[in-house]
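Same order as they appear, the protein sequences are chains A and B. The first sequence begins at 0 in numbering that gives the first Met the number 0 and counts up one residue at a time. The second sequence begins at 0 in numbering that gives the first Met the number 0 and counts up one residue at a time. C-beta atoms are modelled at their ideal positions from N, C-alpha and C, and glycine is treated no differently. In this text the structure is predicted, and so the values were computed from the model without any measurement. First comes the structure, then the notes that go with it.
Number of protein chains: 2
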Amino acid sequence: MKKSSVGAALRRRLGERFVDGEVVRRALALDASRIPPAAVPLGVVRPRDARDVAAAVRICADHGTAIFPRGGASGLTGGSLVSRPGVVMDFAPLNRILRLSPEDRTVSVQAGVLTGRLHEALERLGFLYPPDPASAAFCTVGGNLSENAGGLRALKYGTTRDYLLAATVVTADGEILRLGSDAHKSVAGYDLLRLLVGSEGTLAIFVDATLRFLPAPKAVATLSAVFADEQAALEAALGLLKEGLLPRALEFVDGVCAGAVGAASGPFLIVEFDGHPAEVRAAAAEARSTLKKRDAVRVSLARAPARREALWEARRRVSTALLKISPTKAAEDVCVPLSQLPALYRALRRIGRACGVETCAYGHVGDGNLHVNLLPRPRRRTDGAVARLMKAALELRGTITGEHGVGVSKKRYLPLETGAAVLSLMRRVKRLFDPRGVLNPGKIF
Amino acid sequence: MKKSSVGAALRRRLGERFVDGEVVRRALALDASRIPPAAVPLGVVRPRDARDVAAAVRICADHGTAIFPRGGASGLTGGSLVSRPGVVMDFAPLNRILRLSPEDRTVSVQAGVLTGRLHEALERLGFLYPPDPASAAFCTVGGNLSENAGGLRALKYGTTRDYLLAATVVTADGEILRLGSDAHKSVAGYDLLRLLVGSEGTLAIFVDATLRFLPAPKAVATLSAVFADEQAALEAALGLLKEGLLPRALEFVDGVCAGAVGAASGPFLIVEFDGHPAEVRAAAAEARSTLKKRDAVRVSLARAPARREALWEARRRVSTALLKISPTKAAEDVCVPLSQLPALYRALRRIGRACGVETCAYGHVGDGNLHVNLLPRPRRRTDGAVARLMKAALELRGTITGEHGVGVSKKRYLPLETGAAVLSLMRRVKRLFDPRGVLNPGKIF
């Protein structure tokens, strides 16, 4: 078949659910990574159901045309970027909550449902869906599955992977498969479902998913603690964990980031507990005492939602504040074993000095996960600093990405982490699932 | 190469770490499934390290000889059974805890470490490794990973999969790979690690693993509640979950099983909470009141370890008591969405009557997981009842196996659950990882 006819074939099959106006095409070439797209897509598919997804994939595959699945496009590594000419599969129309069963503690949603909407629907009924990426207001469940999104509550509750029971997916040859089971546990054959989680849309496309959820905690308490320097803050964070505390969030903001949001007099931690009121009260009191013993300059504790939100406010503004200061900053996402956090932060400072770039970091230190930002003077200099940061994280037995994925921006570093043999096995898995290379090409590898 | 020389080649490379005395060979052909092995193995490899495992796999692969990895051989579906002539890889010698880091909240163990020993090592330091299969005293971490073992605490804490961070594995061509990361989170490339979890030794062999663990709960409370009939007991179990309670264990024992252990006057539930003392106290009180409201005939509550253990005692003895009554019983492991449990139990009774076999069930109803036993009169009649049970579980949107795996005994039912297309994809994954079919052949497919 001729490449020129892919648009016509999609139009024939999908009617107005295939669009190719230039404004739309240009808009959907981009994502939150701000990496320049390599191409403007030929058109955009807006599927109504799994059959539309399958039909579009089949048509694209027959024409050798790339398909770029797109949820909220909130990824920071270019996972939904149009990296060569092809068709965008926009999941915005697939935004229905299909079945919410309090009895089964499961909810079935289409892939385009916003994560924040899922949170709200469950909170209204007294339930909690734990995965909580910072972009919850505009990212989608399908995107979260494709990236294995983490977020603020991963320390206690794990990541998106841990809440997935079953899913409908479309394969690279346009087959609709149901994977997993609606039961809470199943070990019937290979766990293909969890192989697909975090595969960034390169092995198959999530169309809908059945997720489990939990009863909502009855109480939440939040602490904010300011420190004289970063090492003291990081040691205090580790101190909390050593005491056997298990906060649902344990966040760190360094002095540079704190300065950028103009909210605190130095680096700070946010610590949040949830659970039974008595448990939360006891844990918060213990944490306050530990933080003070470990040289916190000031500790604030809040229980009421509005006061808790006030403590979070500075932490939430970090990312956008840094973007304003430096629109071309490199936003990295390294993660190391907990004990290596202070060493990672020291390495970051060293790298900044050596490469002449300003460095700062914040993030989910309870997981060992630092969102490192490198603020360039001449753009090219951050590349060297990023490479050194990746090597430092790996030398500390860590990973190049805790939750953002490989996408486009971390491709060159992936072999440093996996080694050639594991990378080769991953490539063979890719070829098995997508021999023609039509699913989100140019990502991961 | 000639098949006859595989023993000689293994002996040359491994010396006394390859044994082929007849007593050993006959003993290691069997596992806890009590399925008759199809063959006596040619010999047994007792590896000292990953290089031994890799060398033995390479030699076997070169000779086209099957390898049967063996942990505690406690699986109930024949996962470690010798299903054709080949070599057993006995992980008993690889029994060291390599590195236990309270700071990182991670522990690295060789695959042959007993799960119970890992529990003890962590409990001594005030930590909890949640996966708790009933066979913890004699099963191994490597076996747990290969089967994705669940157990009593899966309701609150999940299964073995959820605690794995990284592993060393040996592939079918004898390559040693390190998968995953020592960091608590990583999304660097495909999650090959979790594809291997639950793959029953058919894709690669676990040699060692890095697992995460949690702070131990400060209090535990256990309730036992006896009911007049099974439907009341199951409805009460669901009632607890509907109230928003999250016990760590929620176990059901039906009247037949209760009679077999001679311990209770009817079907009963065991409910166990852990966490902060105040939380546990409140949850136990609420559960007691709910159980009474939902027609429990008698509710007992215990906090002290010895008294808690006394409540568990009857539940723990069910499996062996049933074996004594009926050594040829079929032990099944279906799992359904929570709301479908009462219907599953009714179906079980119907099937028993229709097929003329005695049926009974117990298990992890908090997960929707029932261990169903079919006590045959003429042996052949359980086969029909098992097939009907599998169909009933699938019609209720469930799975043929919640935690025991497919192994040998559930192979014929797997296609009913997955369908032909998913099964074909699983087979292609098998061929990709093990093109010569030497890793634990005859299992799953």
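### Task
Scan the stretch 16–86 of chain A and note each continuous beta strand (DSSP E) run of 3 residues or more that stays entirely inside, going in chain order.
Those beta strand (DSSP E) runs which fall completely within the stretch 16–86 of chain A and span 3+ residues are 42–44, 65–69.
#### Entry: Test: A/Thr221 CB closer than 8 Å to a CB of chain B
Judged by the 8 Å Cβ criterion, A/Thr221 is not in contact with chain B.
### Query
Is B/Gly188 helix, strand or coil by DSSP?
Of the three classes helix, strand and coil, the one that applies to B/Gly188 here is coil, per DSSP.
### Message
Given this structure, state the Cα-to-Cα distance separating A/Ala231 from B/Arg160, to the nearest angstrom.
### Response
Between A/Ala231 and B/Arg160, the alpha-carbon positions lie close to 34 Å from each other.
### Task
Let me know if A/Thr327 comes out buried or exposed under the rule of 16 or more other beta-carbons within 10 Å of its beta-carbon.
Around the Cβ of A/Thr327, a 10 Å sphere holds fewer than 16 other Cβ atoms; the residue is exposed.
### Message
With distance defined between alpha-carbon atoms, name the residue in B/Leu80, B/Met88, B/Arg247 nearest to B/Asp51.
### Response
The closest CA to that of B/Asp51, considering only B/Leu80, B/Met88, B/Arg247, is found on B/Met88.
### Residues that DSSP places opposite B/Ile269 in a beta bridge
Answer is B/Ser223, B/Glu250.
### Task
Could you tell me which residues DSSP pairs with A/Glu357 in its beta bridges?
DSSP, once it has assigned bridges, lists A/Leu374 as partnering A/Glu357.
### Message
Going by C-alpha to C-alpha distance, which of B/Arg306, B/Ala277, B/Ala320, B/Ser223 sits closest to B/Val255?
### Response
For the residues B/Arg306, B/Ala277, B/Ala320, B/Ser223, the minimum Cα distance to B/Val255 belongs to B/Ala320.
### Message
Would B/Gly445 pass as an interface residue toward chain A - the criterion being a Cβ-Cβ separation below 8 Å?
### Response
This structure cannot settle anything about residue 445 of chain B, because the visible part of chain B is limited to 0 through 444.
### Message
Run through the DSSP bridge pairs and tell me what A/Gly362 is partnered with.
### Response
Partner(s): A/Phe251.
### Query
Applying a beta-carbon distance threshold of less than 8 Å, which residues of chain A neighbour B/Thr417?
Ala187, Gly188, listed in chain order.
### Message
What ranges does the alpha helix (DSSP H) occupy inside the stretch 87–155 of chain B, keeping only unbroken runs of at least 4 residues that lie completely in it?
### Response
Counting whole runs of 4 or more residues, the stretch 87–155 of chain B contains the alpha helix (DSSP H) stretches 114–123, 140–146.
### Message
Is B/Val52 close to chain A? Criterion is C-beta to C-beta, closer than 8 Å.
### Response
Residue contact check for B/Val52 against chain A: no CB pair falls below 8 Å.
### Query
Using a Cβ cut-off of 9 Å, which residues of the stretch 236–255 of chain B contact any Cβ in chain A, in chain order?
So the list reads Leu237, Leu240, Lys241, Glu242, Gly243, Leu244, Leu245, given in the order they occur along the chain.
### Message
Since A/Val18 and A/Gly42 should fall inside the 8 Å C-beta cutoff, what is the C-beta to C-beta distance between them, to a whole number of angstroms?
### Response
Between A/Val18 and A/Gly42, the beta carbon gap of about 6 Å places them in contact (Cβ cut-off 8 Å).
### Task
Identify the contact partners of B/Asp161 in chain A, using a Cβ-Cβ distance below 7 Å as the criterion.
Neighbourhood of B/Asp161 in chain A, by CB distance below 7 Å: Gly157, Asp161, in chain order.
#### Entry: Cβ pair A/Val252, A/Phe272 closer than 8 Å
The answer is no: Cβ separation not under 8 Å.
### Cβ-based burial, B/Leu290 [other Cβ within 10 Å; buried from 16]
Taking every protein chain shown into account, the CB of B/Leu290 has 16 or more other CB atoms within 10 angstroms, so this residue is buried.
### Message
Just to confirm the assignment, what range does the beta strand (DSSP E) spanning B/Ser299 have?
### Response
B/Ser299 -> beta strand (DSSP E) spans 295–301.
### Message
For a contact defined as C-beta to C-beta under 8 Å, what are the partners of A/Ile399 on chain B?
### Response
Ordered by position in chain B, the residues that pass the 8 Å Cβ test against A/Ile399 are Ala187.
### Query
Name the residues in the stretch 402–427 of chain A whose C-beta lies less than 9 Å from a C-beta of chain B; which are they?
Answer set for the stretch 402–427 of chain A: Glu402, His403, Gly404, Val405, Lys409, Tyr412, Leu413, Glu416, Thr417, Gly418, Ala420, Val421, Leu422, Leu424, Met425, Arg427.
### Per-residue DSSP class, three states only, for A/Leu178
When DSSP states are grouped into helix, strand and coil, A/Leu178 belongs to the strand group.
### Task
Would you tell me roughly how many angstroms separate the C-alpha atoms of B/Gly149 and A/Leu75, rounded to the nearest one?
B/Gly149 and A/Leu75 have their C-alpha atoms spaced approximately 35 Å apart.
#### Entry: Exposed unless 16 or more other CB atoms sit within 10 angstroms - verdict on A/Lys2
At A/Lys2 the pLDDT is 47, less than 50, meaning the model places this residue with poor confidence; the figure from the coordinates comes in the next sentence. Exposed: under 16 other Cβ atoms inside 10 Å.
### Query
For a contact meaning CB atoms closer than 8 Å, what does B/Pro68 contact in chain A?
Under the 8 Å cutoff, chain A gives no residues; its nearest Cβ is about 16 Å from B/Pro68.
### Query
Is it right to say B/Arg430 is buried, meaning 16 or more other beta carbons lie within 10 angstroms of its own, or is it exposed?
B/Arg430 comes out exposed.
### Task
Following the continuous alpha helix (DSSP H) through A/Ile324, name the residue where it begins and the one where it ends.
304–324 is the extent of the alpha helix (DSSP H) around A/Ile324.
### Message
B/Leu413 and B/Ile443 - do their beta-carbons sit closer together than 8 Å?
### Response
Yes, the pair counts as a contact, with Cβ atoms nearer than the cut-off.
### C-beta atoms of B/Ala224 and B/Val364 nearer than 8 Å
No. Outside cutoff.
### Query
So which of A/Arg352, A/Ala305, A/Gly355, A/Leu178 has the shortest CA-CA distance to B/Ala419?
By alpha-carbon distance to B/Ala419, the top candidate from A/Arg352, A/Ala305, A/Gly355, A/Leu178 is A/Leu178.
### Message
Can you confirm whether A/Ile34, when its beta carbon is compared against all beta carbons of chain E, has any partner nearer than 8 Å?
### Response
The structure shown contains no chain E; its protein chains are A and B.
### Query
Do you know whose CA, among B/Ala110, B/Gly157, B/Asn147, lies nearest B/Leu127's CA?
The shortest Cα separation from B/Leu127 among B/Ala110, B/Gly157, B/Asn147 belongs to B/Gly157.
#### Entry: Opposing strand residues paired with A/Phe444 [DSSP bridges]
The partner list for A/Phe444 (beta bridge, DSSP) is empty, contrary to what the question assumes.
### Message
I need the DSSP call for B/Thr289, collapsed to helix, strand or coil.
### Response
B/Thr289 falls in the helix class under three-state DSSP.
### Query
With a cut-off of 8 Å, does the C-beta of B/Gly441 fall near any C-beta of chain A?
Not closer than 8 Å to any Cβ of chain A, the Cβ of B/Gly441 fails to qualify, so no.
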